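J.: Residue numbers for the sequence shown follow this note's numbering, so the first one is 2 and each next one is one higher.
Glycine included, C-beta positions come from ideal geometry on N, C-alpha and C.
Since we're looking at a predicted model, the values are computed, not measured.
Provided herewith is a single structure, encoded as structure tokens, for subsequent inquiry.
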Amino acid sequence: MLENKKILVLAPHTDDGELGCGGLISKAVRQGATVFYAAFSTADESVPTTFPSNQLEIEVKQATAIIGIQPENLFIYKHTVRKLNYVRQEILEEMIKLRSQIKPDIVILPSRNDIHQDHSTVTAEGIRAFKNCSILGYELIWNNLSFATDYFCVLKEDDIQKKINALAAYKTQEGKGYMSPDFIRSMATVRGTQINTMHAEAFEVIRWIDN
Numbered sequence: 002m003l004e005n006k007k008i009l010v011l012a013p014h015t016d017d018g019e020l021g022c023g024g025l026i027s028k029a030v031r032q033g034a035t036v037f038y039a040a041f042s043t044a045d046e047s048v049p050t051t052f053p054s055n056q057l058e059i060e061v062k063q064a065t066a067i068i069g070i071q072p073e074n075l076f077i078y079k080h081t082v083r084k085l086n087y088v089r090q091e092i093l094e095e096m097i098k099l100r101s102q103i104k105p106d107i108v109i110l111p112s113r114n115d116i117h118q119d120h121s122t123v124t125a126e127g128i129r130a131f132k133n134c135s136i137l138g139y140e141l142i143w144n145n146l147s148f149a150t151d152y153f154c155v156l157k158e159d160d161i162q163k164k165i166n167a168l169a170a171y172k173t174q175e176g177k178g179y180m181s182p183d184f185i186r187s188m189a190t191v192r193g194t195q196i197n198t199m200h201a202e203a204f205e206v207i208r209w210i211d212n
């Protein structure tokens with residue numbers, strides 16, 4: 002399904018894309034897909050004072066490179082964290098430019114049941130901008146009150162390890178439970194167990210177009 006596709010990952014903040022679909026990104030690149038990644042906030046205001054304020058911008062470049070995204074396919078916007086809903090029209094217009102530039106086959110964004118205000122804004126505008134594409138919603142269970150496991154992406158051990166390595170690039174986020182290798186691996190094991198395989202990531206199917 003992923004072979005030779007153009008896939009666009011929409012991340013409200015740096016690290017959301019790796020957390021939600023880092024394994025799928027690794028697999029897609031391995032299978033010959035071209036993956037694009039758009040981060041709408043570098044959360045400068047939330048960076049620990051022991052780091053430069055632009056540290057998350059540095060880290061997302063490192064992390065996406067680890068899972069195989071080319072530097073020219075990374076788009077970074079500087080909207081204020083937790084205030085994306087105030088600039089939703091600007092975000093929509095940026096997405097429309099990406100749609101025109103990339104013409105993606107598949108768009109991956111946060112689940113429709115994600116309760117974080119920035120995540121729900123990116124999802125709503127993403128569905129609006131890319132309604133003529135296939136759209137998958139990724140899970141971030143600490144923000145999901147419910148989640149529909151409509152689509153499973155079977156992963157190899159190398160995909161899981163690349164996801165773990167990519168998240169390790171986020172030194173600013175160390176100590177958060179959902180960034181730990183144990184958590185990443187356990188989630189992949191749970192989703193794999195649901196479909197009788199070793200590792201997987203699960204996604205909500207928002208729209209699927211079979212060309």
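Less than 8 Å between the CB atoms is what I'm expecting for residue 43 and residue 58, so what's the real figure, rounded?
T.: Start at 1 with the first residue of the sequence shown, and residue 43 comes out as number 42. Start at 1 with the first residue of the sequence shown, and residue 58 comes out as number 57. That belief holds up - the Cβ atoms of residue 43 and residue 58 are roughly 5 Å apart, short of 8 Å.
J.: For residue 201, which of helix, strand or coil comes out of DSSP?
T.: If you number the sequence shown from 1, residue 201 lands on position 200. Correct three-state label for residue 201: strand.
J.: Per DSSP, residue 138 forms a beta bridge with which residues?
T.: Here residue 138 corresponds to residue number 137 of the sequence shown, with the count starting at 1. Beta-bridge pairing links residue 138 to 110 and 205.
J.: Which value, in whole angstroms, describes the spacing of the CA atoms of residue 1 and residue 171?
T.: Residue 1 cannot be examined here, being either before or after the span of the chain that is shown, 2 to 212.
J.: For the beta strand (DSSP E) holding residue 13, just list the boundary residues, first then last.
T.: As a position in the sequence shown, residue 13 is number 12, starting the count at 1. Here the beta strand (DSSP E) through residue 13 covers 7-14.
J.: Report yes or no: do the segment 153-170 and the segment 108-123 share at least 3 C-beta pairs separated by less than 8 Å?
T.: Flag = no, the segment 153-170 and the segment 108-123 do not touch.
J.: Does the segment 145-162 come close enough to the segment 199-210 to have 3 or more Cβ pairs within less than 8 Å?
T.: In short, these stretches touch, since the Cβ pair count reaches three.
J.: From the DSSP output, read off the bridge partner residues of residue 152.
T.: Position 151 of the sequence shown, counted from the start, is the residue given in the question as residue 152. Paired residue(s): 204.
J.: Got a sec? Which residues, its chain only, sit under 6 Å from residue 134 by beta carbon, not counting five neighbours each side?
T.: In the sequence shown, the residue the question calls residue 134 occupies position 133. Answer for residue 134: 105 and 108, listed in chain order.
J.: Assuming residue 3 contacts residue 39 under a Cβ cut-off of 8 Å, what Cβ separation, rounded to an integer in Å, is found between them?
T.: In the sequence shown, counting from the first residue as 1, residue 3 sits at position 2. In the sequence shown, counting from the first residue as 1, residue 39 sits at position 38. About 18 Å; that fails the 8 Å criterion.
J.: When you compare only the Cα positions, how much space is there between residue 92 and residue 84?
T.: For the purposes of this step, residue 92 is identified with residue 91 of the sequence shown, where counting begins at 1. For the purposes of this step, residue 84 is identified with residue 83 of the sequence shown, where counting begins at 1. If you take the alpha carbons of residue 92 and residue 84, they lie about 11 Å apart.
J.: What's the C-alpha gap between residue 86 and residue 26?
T.: To locate residue 86, count along the sequence shown from 1; it is residue 85. To locate residue 26, count along the sequence shown from 1; it is residue 25. So the two alpha carbons sit approximately 27 Å from each other.
J.: Quick check: what's the CA-CA separation for residue 158 versus residue 11?
T.: The residue labelled residue 158 in the question sits at position 157 within the sequence shown. The residue labelled residue 11 in the question sits at position 10 within the sequence shown. Answer to the nearest angstrom: the Cα atoms are 24 Å apart.
J.: Can you list, in chain order, the residues of its chain whose CB lies under 7 Å from that of residue 49, leaving out five sequence neighbours each side?
T.: One-based indexing of the sequence shown puts residue 49 at position 48. Once the five neighbours on either side are set aside, the close Cβ partners of residue 49 are 173.
J.: Leaving out the 5 sequence neighbours to the left and right, which residues in its chain are closer than 8 Å to residue 147 when beta-carbon positions are compared?
T.: Taking the first residue of the sequence shown as 1, we reach residue 147 at position 146. Counting only Cβ-Cβ distances below 8 Å, and skipping sequence neighbours, we find 114.
J.: If you run the structure through DSSP and keep just helix, strand and coil, what is residue 67?
T.: As a working mapping, residue 67 is identified with position 66 in the sequence shown. Helix at residue 67.
J.: Counting along the chain, where does the alpha helix (DSSP H) carrying residue 34 start and finish?
T.: Locating residue 34 in the sequence shown gives position 33, counting from the first residue. Neither: residue 34 is in no alpha helix (DSSP H) and is coded neither H nor E.
J.: List the whole-angstrom C-beta distance separating residue 13 from residue 52, where the pair is believed to meet the contact cut-off of C-beta under 8 Å.
T.: If you number the sequence shown from 1, residue 13 lands on position 12. If you number the sequence shown from 1, residue 52 lands on position 51. Going by Cβ atoms, the distance from residue 13 to residue 52 rounds to 20 Å, so no, they are not a contact pair.
J.: Using CA coordinates, which residue listed in 47, 79, 56 and 35 is at the minimum distance from residue 69?
T.: As a working mapping, residue 69 is identified with position 68 in the sequence shown. Ranking 47, 79, 56 and 35 by Cα distance to residue 69 puts 35 first.
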